[in-house]
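Remarks on the structure that follows.
Protein chains: 2
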Amino acid sequence: MPRRVSDSTVRRLSQYLRVLEDLERSGAATVSSEDLAGGGGTTAAQVRKDLSQFGSFGKRGLGYPVVELSSQIRSILGLERRWRVVLVGAGRIGSALFAYPNFTRRGFDCVAVLDSDPAKVGGWWGAVPIRPAEELEEVVRELGADLIVVAVPPDAAQRVAERAVAAGARGILNFAAVTLRVPGHVPVTNVNLVMELEALSFAVTHIGKDA
Amino acid sequence: MPRRVSDSTVRRLSQYLRVLEDLERSGAATVSSEDLAGGGGTTAAQVRKDLSQFGSFGKRGLGYPVVELSSQIRSILGLERRWRVVLVGAGRIGSALFAYPNFTRRGFDCVAVLDSDPAKVGGWWGAVPIRPAEELEEVVRELGADLIVVAVPPDAAQRVAERAVAAGARGILNFAAVTLRVPGHVPVTNVNLVMELEALSFAVTHIGKDA
DNA sequence: GCATATTCGTGATGGATTTCACAAGCCGCG
DNA sequence: CGCGGCTTGTGAAATCCATCACGAATATGC
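Residue numbers (the numbering used here), protein chains in the order written: chain D, 6 to 216; chain W, 6 to 216.
Here's what the structure looks like:
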């Protein structure tokens, strides 16, 4: 295992896993780096470099064993356990996130939902009751939550993050359009849909202006 | 304008714009690269390098004029026009996307919503009627749509993309967990929430194992 | 007007990531 | 058993990206 694994490598591993699970369903026993690359938009050499950072999973002349590699990648990504996730902000984004079938299938369980709107508190989010935002620390501690999903307005996000971390949260998925300041040992993953749209706008605008 | 602008640069421009708009509201006349960097998680040198790719917008000893730089970045990102966006798949993600206030504020108009579920067709999405998925080409052509948001199940995504591109769509925001194959002149931006969660899972799992 | 303190723009440097190229290993077949 | 066709694993090269360092230009104070 190398000192530092790049973010792009991790994202690609996630893609390989998707392809591998398709292959599992289709019953293939082995897969070549070429075919693994074909599924996502990368190259065979890239696949081999990525995987070689974590071990030698393939057999020369044959390829990678689908089931075993799939399991190895799950282990690398930390998906062999279940994660207890607390959603802060019972809005549409959280709703979209939890609607993904893969969300639970990959080991993420929504153990609590919080919201600061009294009109929402007391309602239900599937089988999970919506509790008041003030109970954040309590909820995190009682349920032993691992991850926090921050889906609140930008001006409330920093405070939510701080409180969650203080109460023991170990990672943050942040949908708010602000840069969260948290201790270095707490990873933050940012998702900003407007930024994605703007990147698309840029790309479409500059078509053909580059080589 | 350089031959090739890196994706990270574009994303940072988007961030600078956010900070600049805050500064506009607070009435500041100029801003230093230092302060622009402080808002997002980057450095002053990075800010200057990014901006210098598109021109000399600052004054030495003084900084960048807030209003003008804001306008310049909007122009660079292609946000000085309005984009006609068609949403395919009237589910939760599209709902979340369009709920962002910045969505319309930054120039994106949802001109049509399509869905293959007959139960949804005929309903309303705010002021926009939900039309049957078969009318995709028709809708794109009639309304002169620019961008397509693909928010359908993975196995339907490729076909939607192909049909949209054939009908004249110029860019795709893809929420489906598949790699779309489209002609090279049609940019695709992928958003995959499960992948983000898995990246977070990896990061939390490997805390302290790296330098 | 001049010295001084800021701050930008940018070539040079360093590091990280991707691509290339090929030796080493595995399988199947005659 | 030996040979030929594949495919992996990996050093080396190339490319891309971020950081550094500093000259040039502007403002401010006296």
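Where a beta carbon is used, it is the ideal one built from N, C-alpha and C, also for glycine.
Here the structure is a predicted model, which means the values were calculated and not measured.
Going by other Cβ atoms of all chains shown within 10 Å of its Cβ, with 16 needed for buried, is arginine 136 of chain D buried or exposed? Counted from its first residue, the first sequence places residue 136 of chain D at position 131. Here arginine 136 of chain D is buried, its C-beta having at least 16 other C-beta atoms within 10 Å.
Nearest-angstrom beta carbon gap, valine 118 of chain W and alanine 95 of chain W [assumed within contact, 8 Å]: Residue numbering aside, residue 95 of chain W sits at position 90 when the second sequence is read from its first letter. Residue numbering aside, residue 118 of chain W sits at position 113 when the second sequence is read from its first letter. With a beta-carbon spacing of about 5 Å, alanine 95 of chain W and valine 118 of chain W fall inside the 8 Å limit used to define contacts.
Quick check on aspartate 122 of chain W: does DSSP put it in helix, strand or coil? Counting from one through the second sequence, the residue named residue 122 of chain W turns up at place 117. Looking at aspartate 122 of chain W - three-state DSSP - the assignment turns out to be coil, as it is neither helix nor strand.
Residues near aspartate 120 of chain D by beta carbon distance below 7 Å, same chain, minus five either side: Within the first sequence, the letter at position 115 stands for residue 120 of chain D. Answer for aspartate 120 of chain D: Gly94, Ala95, Val126, Ile135, Ala138, listed in chain order.
Count the CB pairs spanning the region 73-86 of chain W and the region 43-52 of chain W that are closer than 8 Å, and state whether there are at least three. no
Length-filtered (3 minimum) beta strand (DSSP E) runs lying within the region 50-94 of chain W: When DSSP assignments are scanned along the region 50-94 of chain W, the uninterrupted stretches of beta strand (DSSP E) that are 3 or more residues long and fall wholly within it turn out to be 88-93.
Which value, in whole angstroms, describes the spacing of the CA atoms of cysteine 115 of chain W and methionine 200 of chain W? Working through the second sequence from its first residue, we reach residue 115 of chain W at position 110. Working through the second sequence from its first residue, we reach residue 200 of chain W at position 195. C-alpha separation (whole angstroms): 26 Å.
Can you tell me where the alpha helix (DSSP H) holding valine 145 of chain W begins and where it ends? Taking the first residue of the second sequence as 1, we reach residue 145 of chain W at position 140. Where valine 145 of chain W is concerned, the enclosing alpha helix (DSSP H) stretches over 141-148.
Using a Cβ cut-off of 8 Å (strictly closer), state whether tyrosine 21 of chain W contacts chain D. Walking along the second sequence from the start, residue 21 of chain W turns up at place 16. No, tyrosine 21 of chain W lies away from the interface with chain D (no Cβ there is under 8 Å from its Cβ).
With DSSP collapsed to three states, give me the class of threonine 109 of chain W. Along the second sequence, read from residue 1 onward, the residue named residue 109 of chain W stands at position 104. Shown here, threonine 109 of chain W sits in a helix according to DSSP, grouped into three states.
Bridge partners of proline 158 of chain W, per DSSP? Here residue 158 of chain W corresponds to residue number 153 of the second sequence, with the count starting at 1. Paired residues: none, contrary to the question.
Straight-line gap, phenylalanine 59 of chain W to alanine 156 of chain W (C-alpha atoms, nearest Å): What you label residue 59 of chain W is simply residue 54 of the second sequence in a count that begins at 1. What you label residue 156 of chain W is simply residue 151 of the second sequence in a count that begins at 1. Their Cα atoms are separated by approximately 34 Å.
Rounded to the nearest angstrom, how far is the Cβ of alanine 217 of chain D from that of threonine 194 of chain W, given a contact under 8 Å? The shown model of chain D, from 6 to 216, leaves out residue 217 of chain D, and the question about it has no answer.
What is the C-beta distance between glycine 66 of chain D and valine 36 of chain D, in whole angstroms, given that I count them as a contact (C-beta under 8 Å)? Here residue 66 of chain D refers to the residue found at position 61 of the first sequence. Here residue 36 of chain D refers to the residue found at position 31 of the first sequence. Between valine 36 of chain D and glycine 66 of chain D the Cβ distance is about 14 Å, and since that is not below 8 Å, they are no contact.
Assign alanine 34 of chain W to buried or exposed, taking buried as 16 or more other Cβ atoms, counted over all protein chains shown, within 10 Å of its Cβ. Mapped onto the second sequence, residue 34 of chain W falls at position 29. Exposed, by the Cβ-count rule.
Quick one: what's got a C-beta closer than 6 Å to glycine 63 of chain D's C-beta in the same chain, skipping five residues either side? By 1-based counting over the first sequence, the position of residue 63 of chain D is 58. Here the set comprises Tyr69.
At the level of alpha carbons, what is the spacing between alanine 216 of chain D and arginine 168 of chain W? Residue mapping note: residue 216 of chain D aligns to position 211 of the first sequence, counting from 1. Residue mapping note: residue 168 of chain W aligns to position 163 of the second sequence, counting from 1. Any reading at alanine 216 of chain D is ruled out, since the residue's pLDDT is 44, under 50, leaving its predicted position unreliable.
Start and end of the alpha helix (DSSP H) containing isoleucine 135 of chain D? Walking along the first sequence from the start, residue 135 of chain D turns up at place 130. Looking at the DSSP string, isoleucine 135 of chain D is not in any alpha helix (DSSP H); the run it does join, the beta strand (DSSP E), is 133-137.
Can you give the Cα-Cα distance for valine 90 of chain D and isoleucine 153 of chain D, rounded to whole angstroms? Along the first sequence, read from residue 1 onward, the residue named residue 90 of chain D stands at position 85. Along the first sequence, read from residue 1 onward, the residue named residue 153 of chain D stands at position 148. Rounded to whole angstroms, valine 90 of chain D to isoleucine 153 of chain D spans 6 Å at the Cα level.
Starting from the beta carbon of alanine 101 of chain D, find every residue of chain W whose beta carbon is closer than 8 Å, and list them in chain order. On the first sequence, position 96 is the one that residue 101 of chain D refers to. Within 8 Å of the CB of alanine 101 of chain D, the CB atoms of chain W belong to Gly96, Arg97, Ile98, Ser100, Ala101, Leu198, in sequence order along the chain.
Go ahead and pull the three-state DSSP assignment for leucine 185 of chain W. For this step, residue 185 of chain W is matched to residue 180 along the second sequence. In the structure shown, leucine 185 of chain W sits in coil (DSSP, three-state: anything other than H, G, I, E or B).
Which chain D residues are close to tryptophan 129 of chain W, counting only those with a beta carbon under 8 Å from its beta carbon? To locate residue 129 of chain W, count along the second sequence from 1; it is residue 124. Correct list: empty, because the minimum Cβ distance to chain D is about 16 Å.
Quick check on arginine 17 of chain W: buried or exposed, where buried means 16 or more other Cβ atoms within 10 Å of its Cβ? Looking up residue 17 of chain W in the second sequence gives position 12. Buried: at least 16 other Cβ atoms inside 10 Å.
Does alanine 216 of chain D get closer than 8 Å to chain W when you measure Cβ to Cβ? In the first sequence, counting from the first residue as 1, residue 216 of chain D sits at position 211. Residue confidence for alanine 216 of chain D is low, a pLDDT of 44 falling below 50, so the modelled location carries little weight; the figure read from the coordinates is stated next. It does: the Cβ of alanine 216 of chain D has a partner Cβ on chain W nearer than 8 Å.
With a threshold of 8 Å on Cβ separation, who are the neighbours of tryptophan 88 of chain D within its own chain once the five nearest residues in sequence on each side are excluded? As a first step, residue 88 of chain D must be located in the first sequence, where it is residue number 83. Closer than 8 Å at the Cβ level, and outside the excluded window around tryptophan 88 of chain D, lie Gly112, Phe113, Asp114, Asp151, Leu152.
If you draw a straight line from the C-alpha of arginine 30 of chain W to the C-alpha of valine 187 of chain D, how long is it? Residue 30 of chain W sits at position 25 when you count from the first residue of the second sequence. Residue 187 of chain D sits at position 182 when you count from the first residue of the first sequence. Distance between the alpha carbons of arginine 30 of chain W and valine 187 of chain D: 26 Å.
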